[in-house]
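Novice: Residue numbers (our numbering): 10 to 553.
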Amino acid sequence: MDMSSNFIKTIMEEDLASGKVKEIITRFPPEPNAYLHIGHARAIITNFELAKMFGGKTNLRFDDTNPVKEDAMFVEAIKGDIEWLGYHPANVLFGSDYFEESYERAIMLIKKGLAYVCDLNAEDMSKYRGTLNTRGTDSPNRNRSVEENLKLFSEMRDGKYNDGEKTLRAKIDMASPNINMRDPVIYRIIHINHHNTGNKWCIYPMYDFAHPLQDAIEGISHSLCSLEYVDHRVLYDWFVEKCEMPHIPHQYEFGRLNITNTIMSKRYLKQLVDAKLVKGYDDPRMPTLVGLRRRGYTPSAIRHFVLSTGLSRINSTVSNEMLENSLRDDLRLVNKRVNAILNPLKVVITNYPVGEIEYLELPNNNENEALGTRTIAFGREVYIEKDDFIDGTPEKGWKRLAKGLEVRLMHAYFVKCEDIIYNPDGSIKELHCTYDPETKSGSGFNARKPNGNIHFVEESTAIPAKFNLFEPLMVDSDADRKLEDRLNPNSWKTLEGFVEASLKDTLPEEKFQFVRNGYFSVDYDTVKGNLVFNRTVELKSSYK
RNA sequence: UGGGCUAUAGCCAAGCGGUAAGGCAUCGGACUUUGACUCCGAUAUCGGUGGUUCAAGUCCACCUAGCCCAGCCA
10 MDMSSNFIKT IMEEDLASGK VKEIITRFPP EPNAYLHIGH ARAIITNFEL
60 AKMFGGKTNL RFDDTNPVKE DAMFVEAIKG DIEWLGYHPA NVLFGSDYFE
110 ESYERAIMLI KKGLAYVCDL NAEDMSKYRG TLNTRGTDSP NRNRSVEENL
160 KLFSEMRDGK YNDGEKTLRA KIDMASPNIN MRDPVIYRII HINHHNTGNK
210 WCIYPMYDFA HPLQDAIEGI SHSLCSLEYV DHRVLYDWFV EKCEMPHIPH
260 QYEFGRLNIT NTIMSKRYLK QLVDAKLVKG YDDPRMPTLV GLRRRGYTPS
310 AIRHFVLSTG LSRINSTVSN EMLENSLRDD LRLVNKRVNA ILNPLKVVIT
360 NYPVGEIEYL ELPNNNENEA LGTRTIAFGR EVYIEKDDFI DGTPEKGWKR
410 LAKGLEVRLM HAYFVKCEDI IYNPDGSIKE LHCTYDPETK SGSGFNARKP
460 NGNIHFVEES TAIPAKFNLF EPLMVDSDAD RKLEDRLNPN SWKTLEGFVE
510 ASLKDTLPEE KFQFVRNGYF SVDYDTVKGN LVFNRTVELK SSYK
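1) Using only alpha-carbon positions, find the residue among R166, A131, I116, G207 that is nearest to K180.
2) So T55 is in the alpha helix (DSSP H); what residue range does that whole segment cover?
3) So for S111, helix, strand or coil by DSSP?
4) In angstroms with no decimal places, state the Cα-to-Cα distance between T206 and D73.
5) Rounded to whole angstroms, how far is the Cβ of E519 from the Cβ of V531, which I believe are closer than 8 Å?
6) On the CB-based measure, 16 or more other CB atoms within 10 Å of its CB, does G451 come out buried or exposed?
7) Pull the bridge partners of F555 from the DSSP assignment, please.
8) Between the stretch 419 to 426 and the stretch 438 to 455, are three or more C-beta pairs nearer than 8 Å?
9) Is the separation between the beta-carbon of Q223 and that of G104 shorter than 7 Å?
10) In angstroms, rounded to a whole number, what distance separates the CA positions of R587 and P255?
11) For the structure I just gave you, are there three or more beta carbon pairs, one from the stretch 350 to 357 and one from the stretch 388 to 395, closer than 8 Å?
12) Going straight from the alpha carbon of D106 to that of W247, what length do you get?
13) Quick one: measure Cβ to Cβ for V524 and G461, integer angstroms, because I've assumed they're closer than 8 Å.
14) Measure how close the beta-carbons of I2 and N348 come, nearest whole angstrom, since I'm counting them as under 8 Å.
15) On the three-pair Cβ rule with 8 Å, is the stretch 96 to 103 touching the stretch 118 to 138?
16) If you draw a straight line from the alpha carbon of G319 to that of G453, how long is it in whole angstroms?
17) Tell me the DSSP secondary structure of H241 in three-state form.
18) In angstroms with no decimal places, state the Cα-to-Cα distance between D580 and Y528.
19) For S309, I'd like the list of residues in its chain whose CB is within less than 8 Å of its CB, leaving aside the five on either flank, ordered along the chain.
20) Could you check the C-alpha separation between I201 and I268 for me, to the nearest Å?
21) Taking only the alpha-carbon atoms, compute the straight-line gap between T382 and K395 and give it to the nearest angstrom.
22) Can you give the Cα-Cα distance for T448 and A52, rounded to whole angstroms?
23) Within this structure, are the beta carbons of L59 and I87 separated by less than 7 Å?
24) Span of the alpha helix (DSSP H) holding S135?
25) Could you tell me the boundaries of the alpha helix (DSSP H) in which G388 lies?
26) Of all the beta strand (DSSP E) runs that stay within the bounds of the stretch 198 to 248, which reach a length of 3 or more residues?
27) Check the DSSP bridge columns for W501 and list the partner residues they point to.
28) Sorted by chain position, which residues of the same chain lie with C-beta nearer than 6 Å to I47's C-beta, five sequence neighbours on each side aside?
29) Output yes or no for whether 7 Å exceeds the beta carbon distance between Q260 and S232.
30) What three-state label does DSSP hand P403 in the structure shown?
31) Judging by CA-CA distance, which residue of K18, L244, L141, N68 is the nearest neighbour of L123?
32) Touching or not, the stretch 26 to 34 and the stretch 290 to 306, by the rule of three or more beta carbon pairs under 8 Å?
33) Which term fits D292, buried or exposed, when burial requires 16 or more other beta carbons within 10 angstroms of its beta carbon?
34) Between the alpha carbons of E439 and K408, how many angstroms are there, rounded?
35) In terms of alpha-carbon separation, which member of R304, G305, L332 lies closest to S577?
36) When the distance is taken between beta carbons, is E480 closer than 7 Å to N455?
Below, the structure written as structure tokens:
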């Protein structure tokens, strides 16, 4: 699928046409402190697709300028997710690769009288900053000499001061209506081991300072980010200019992508995992890429979804149906359609010979002949879905089984329900039906129409399986309420039923359409003799 | 009387002065060995008010609503 028209694509076309840029170079700059989720997928896909469209390239750059929050483990996880999505970065880089250059550029700012070492502690700095409605006041250290600033900054690097004791700040304008311009901190002191640079540094650049420099160094042409950075753009440009970067990158912002019934904030996802309310970051209910993968989502479905939602300067909330639709669309023609019974109800075909099994041939996908055919077993005892039978008089339009009605067991025979056998407790034990040999599928029989078509699995060849069915994790979008109170108690339900014999040797992540039940993916918990399937998404249904 | 951003159908979203694309959802109907798929058909005058123009969703003014910003986070 192509990316439809959007404002960033238009900007790129114009920049290329005018000669403002020679090549489109983008970057995806995650901070290695969490698993990627579907929201990140939008940023990844947008950056890679846009560059690809214009014959450019995209870097993966880990923005690791804050060692207190970052972990090398996430570096590998993030790389894996991006590869899984189908993208190959031109370069895999780290913000920490540029610590030396950042330091040199900071010295340049000091020498130009555009940066100073400040002694204010965090609390006082906040007071001096002023508020949204009142201007800030200058730091007492704002007019230190260049020599003193150089000396102090050098001492900061050498570890002479404790965390928080001093900062390096850009000297801009404490009266600016844009708070980001009120002498922002550009270096702070953090004595901690960094996953890449170890103990080499104890001062680390802030995002606002590091990011534009990183973009400039890498020759990024279009630096894409989300809307909350709009107010930072003027600072971004200020650093690129004042640091005299040879290449001038430009920042463009677009809105975040939200999905109904889906909470994507890092904080909540972490809370869910830490409180063991889910089974980990790859729980099939999680909106993480590893979660979606386990659930059964395919990279191409996610790509299609993201591209179909477009790109604008609005923080949008797209309905979950759109994501689900992308998955169905993606799998419809490429997956085998097989029989599984999630809620078994036994049916005995009383006029079928005891002990006899016959094998019936059917297409693996009736919309795609290339997938070939297979055989399924049919015999005297079969399982059907409980929902496909109604005990009593069905409403008008019922297209399934009921006593006295005849339906087709798909690709087999018409069967008619003659008797309902009950357990002592009143529940249904089994159905007694008769079949009509004349109605065999493929025979061309059309003397009468069945009251619907239902699927089945033959009893003696059936393989037991577990089916995990999901609903949204959260039922309440009110962020003020406690997490526990917002959870959907029915978000995970496991059913035990049967699948047809052809699924005996399936492997994790294999995907099927279970006829009339939806798309399923084999779960990682599947081991020999214990099949577990996750329902990725249901089939659409006009049956209410 | 702080600054910034945004406003096209239920949800996304094209549109760049010439008479409202598309997708998802919804509602009809056809077809159907998945109540699936597919196919037909239905559904908006563009936040509001003025103005410029032969012509405005597109330009101008004012208004309204929503979102973002006061980390030594990103």
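Using N, Cα and C, we set each Cβ at its ideal position, and we do this for glycine too.
Specialist: To lay it out plainly:
1) By 1-based counting over the first sequence, the position of residue 180 is 171. Proximity to K180 across R166, A131, I116, G207 peaks at I116, based on C-alpha coordinates.
2) Taking the first residue of the first sequence as position 1, residue 55 is located at position 46. Where T55 is concerned, the enclosing alpha helix (DSSP H) stretches over 47 to 62.
3) As a working mapping, residue 111 is identified with position 102 in the first sequence. Helix.
4) The sequence position of residue 206 within the first sequence is 197, counting from 1. The sequence position of residue 73 within the first sequence is 64, counting from 1. Near 10 Å, if we compare the C-alpha coordinates of D73 and T206.
5) By one-based count along the first sequence, residue 519 stands at place 510. By one-based count along the first sequence, residue 531 stands at place 522. Right, their Cβ atoms sit about 5 Å apart.
6) By 1-based counting over the first sequence, the position of residue 451 is 442. With fewer than 16 Cβ atoms within 10 Å of its Cβ, G451 is classed as exposed.
7) Residue numbering for the chain in the displayed model covers 10 to 553; residue 555 lies beyond these limits and cannot be assessed.
8) The stretch 419 to 426 is in contact with the stretch 438 to 455.
9) What you label residue 223 is simply residue 214 of the first sequence in a count that begins at 1. What you label residue 104 is simply residue 95 of the first sequence in a count that begins at 1. Q223 places its beta carbon less than 7 Å from that of G104.
10) Because the chain in this structure spans residues 10 to 553, residue 587 falls outside the shown range and cannot be described.
11) A contact is defined here as three or more CB-CB pairs under 8 Å, and the stretch 350 to 357 meets this definition with respect to the stretch 388 to 395.
12) Within the first sequence, residue 106 is the residue found at index 97, counting from 1. Within the first sequence, residue 247 is the residue found at index 238, counting from 1. One Cα belongs to D106, the other to W247, and the distance between them is close to 22 Å.
13) The residue you call residue 524 lines up with position 515 of the first sequence. The residue you call residue 461 lines up with position 452 of the first sequence. Not quite, the Cβ-Cβ distance comes to about 13 Å (not below 8 Å), so this is no contact.
14) The chain is shown only over 10 to 553; residue 2 falls outside these bounds and no answer can be derived.
15) The stretch 96 to 103 is not in contact with the stretch 118 to 138.
16) Along the first sequence, one-based indexing puts residue 319 at 310. Along the first sequence, one-based indexing puts residue 453 at 444. Taking the straight line from one Cα to the other gives about 48 Å.
17) Here residue 241 refers to the residue found at position 232 when the first sequence is read from its first residue. Here H241 carries a helix assignment [DSSP, helix/strand/coil].
18) Residue coverage of the chain in this structure runs from 10 to 553, which leaves residue 580 outside it and unanswerable.
19) The residue given as residue 309 occupies position 300 in the first sequence. Excluding sequence neighbours, S309 sits near G95, D339.
20) Taking the first residue of the first sequence as 1, we reach residue 201 at position 192. Taking the first residue of the first sequence as 1, we reach residue 268 at position 259. Rounded to the nearest angstrom, the gap between the Cα atoms of I201 and I268 is 37 Å.
21) In the first sequence, residue 382 corresponds to position 373, counting from 1. In the first sequence, residue 395 corresponds to position 386, counting from 1. So the two alpha carbons sit approximately 27 Å from each other.
22) As a working note, residue 448 is residue 439 in the first sequence. As a working note, residue 52 is residue 43 in the first sequence. Each residue's alpha carbon lies about 55 Å from the other.
23) Counting from 1 along the first sequence, the entry for residue 59 is found at position 50. Counting from 1 along the first sequence, the entry for residue 87 is found at position 78. Taking a C-beta distance under 7 Å as the contact criterion, L59 and I87 do not qualify as a contact pair.
24) Counting from one through the first sequence, the residue named residue 135 turns up at place 126. Residues 131 to 138.
25) Counting from one through the first sequence, the residue named residue 388 turns up at place 379. Segment 382 to 388 is the beta strand (DSSP E) holding G388; no alpha helix (DSSP H) there.
26) Those beta strand (DSSP E) runs which fall completely within the stretch 198 to 248 and span 3+ residues are 212 to 214, 231 to 235.
27) For this step, residue 501 is matched to residue 492 along the first sequence. Beta-bridge pairing links W501 to F479.
28) Position 38 of the first sequence, counted from the start, is the residue given in the question as residue 47. Within the same chain, I47 has close Cβ partners P296.
29) Numbered from its first residue, the first sequence carries residue 260 at position 251. Numbered from its first residue, the first sequence carries residue 232 at position 223. The Cβ atoms of Q260 and S232 sit closer than 7 Å to each other.
30) Residue mapping note: residue 403 aligns to position 394 of the first sequence, counting from 1. The answer is coil: DSSP assigns P403 none of H, G, I, E or B.
31) What you label residue 123 is simply residue 114 of the first sequence in a count that begins at 1. Nearest to L123 by C-alpha distance, out of K18, L244, L141, N68, is L244.
32) No: the two stretches stay apart, fewer than three of their Cβ pairs being nearer than 8 Å.
33) As a working mapping, residue 292 is identified with position 283 in the first sequence. By the Cβ-count criterion, D292 is buried, with 16 or more other Cβ atoms from all chains shown falling within 10 Å of its own Cβ.
34) Within the first sequence, numbered from 1, the residue matching residue 439 stands at position 430. Within the first sequence, numbered from 1, the residue matching residue 408 stands at position 399. Those two C-alpha atoms are separated by around 20 Å.
35) As shown, the chain starts at 10 and ends at 553. That puts residue 577 outside it, with no answer to give.
36) If you number the first sequence from 1, residue 455 lands on position 446. If you number the first sequence from 1, residue 480 lands on position 471. No, Cβ-Cβ distance for N455 and E480 is not below 7 Å.
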